[in-house]
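Notes follow once the structure below has been shown.
Numbering (UniProt numbering), first residue to last: 1 to 306.
Below you can see the structure in the form of structure tokens.
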């Protein structure tokens with residue numbers, strides 16, 4: 001096996017992992033603080049990608065596109081929280097699932113009405129085109145490497161926000177006992193809107209970053225949302241640290257599984273069959289990982305015991 005190719009696949013897994021963290025961090029914050037199941041979180045990812053593609057295409061600036069993605073996703077999240085989600089906090093989870101599923105349909109059709117059914121394309125900035133030279137003679141796409149570094153920087157900033165700031169203290173307190181912090185004078189409605197907008201902005205940023213390496217199209221958020229739910233189940237609901245660790249695990253498991261399993265089966269069977277079986281098993285690997293974690297840790301790796 002080529003060691004350089006293996007390292008490149010590890011880097012691909014890290015890139016997928018940090019993108020999943022941006023999605024799952026907002027999702028686990030929303031569920032942990034508000035107790036809300038938000039199926040429309042993938043639509044906010046899509047909104048970020050479309051906003052970035054539209055603004056970058058109109059202005060020629062990728063940076064402005066990223067800013068538009070953050071602003072559009074955060075604004076959409078805040079608007080949805082104020083107009084729809086706020087009425088669901090005291091309802092059961094079935095009502096939350098049905099309402100947020102309806103939001104998926106609304107966002108999908110609204111996006112199709114605004115941008116049409118054809119995909120958009122977001123160009124990689126010129127400064128980030130081409131390969132970057134890494135140790136051991138590895139040539140890795142500069143943009144994907146930038147995604148990894150940017151995702152890790154955002155993760156560090158989010159950890160500091162939650163752990164070291166007054167807003168972070170309120171968020172953690174709201175997760176532990178929302179009635180108590182409301183009694184202490186914290187405006188719980190504003191806190192919820194802030195948390196929802198923050199989670200939406202992270203999802204929008206993920207969509208914008210990934211939009212430059214794949215087409216931007218309606219419905220692109222739903223497959224990523226499924227992976228994000230797998231991440232928060234493995235990491236533990238409400239745990240940012242768990243979301244980060246689980247995102248990296250899922251990213252590496254999915255990427256290395258698709259790379260290594262066909263090679264492993266190819267040692268004793270026809271290459272075409274090995275590729276078919278290996279790819280099929282690789283697509284199941286993250287769910288096998290989730291099941292294995294839940295057998296030993298029913299609340300997830302870092303979830304609070306009940």
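Positions of the beta carbon are idealized from the N, C-alpha and C atoms, including for glycine.
- Rounded to the nearest angstrom, the gap between the Cα atoms of residue 74 and residue 244 is 21 Å.
- In the DSSP assignment, residue 277 falls within the alpha helix (DSSP H) that extends over 271-296.
- Per the coordinates, the alpha-carbon of residue 125 lies some 19 Å from the alpha-carbon of residue 19.
- Closest by C-alpha distance to residue 36, out of 51, 46 and 84, is 84.
- The C-alpha of residue 4 is placed about 9 Å away from the C-alpha of residue 139.
- Cβ neighbours of residue 29 within its own chain (closer than 6 Å, five residues either side excluded): 195 and 199.
- Taking C-beta separations shorter than 8 Å and ignoring five residues to either side along the sequence, the partners of residue 122 in its chain run 49, 52, 53, 56, 57, 62, 65, 208, 211, 212 and 216, following chain order.
- In the three-state scheme derived from DSSP, where H, G and I count as helix and E and B as strand, residue 138 is classed as strand.
- Within the same chain, and ignoring the five residues on either side of residue 231 in sequence, the residues whose Cβ sits closer than 7 Å to its Cβ are 20, 24, 243, 246, 247 and 250.
- Between residue 41 and residue 22 the beta-carbon gap is near 11 Å, outside 8 Å, which marks them as no contact.
- Residue 203 sits close to residue 45, with the two beta carbons spaced by under 7 Å.
- Rounded to the nearest angstrom, the gap between the Cα atoms of residue 197 and residue 302 is 24 Å.
- Counted as a single uninterrupted DSSP element, the alpha helix (DSSP H) harbouring residue 235 occupies residues 221-235.
- The continuous stretches of alpha helix (DSSP H) do not include residue 2, and DSSP gives it neither H nor E.
- Looking at 222, 115, 120 and 147, the one whose alpha-carbon comes closest to that of residue 129 is 147.
- Assignment of residue 74 by DSSP, reduced to helix, strand and coil, places it in the helix class.
- Around the beta-carbon of residue 149, fewer than 16 other beta-carbon atoms lie within 10 Å, marking it exposed.
- Take residue 141, set aside five residues on each side of it, and the residues of its chain with a beta-carbon closer than 8 Å to its own are 130, 131 and 132, in chain order.
- According to the DSSP assignment, residue 96 belongs to the alpha helix (DSSP H) that extends over 93-115.
- Put simply, of 11, 87 and 107 the residue whose alpha carbon is nearest the alpha carbon of residue 221 is 107.
- Annotation: residue 120 is outside any alpha helix (DSSP H) and is labelled neither H nor E by DSSP.
- Residue pairing from DSSP places residue 131 in a beta bridge opposite 141.
- The distance from the Cβ of residue 117 to that of residue 218 is about 7 Å, consistent with a contact at the 8 Å cut-off.
- DSSP places residue 216 within a strand segment (E or B) once states are collapsed to three.
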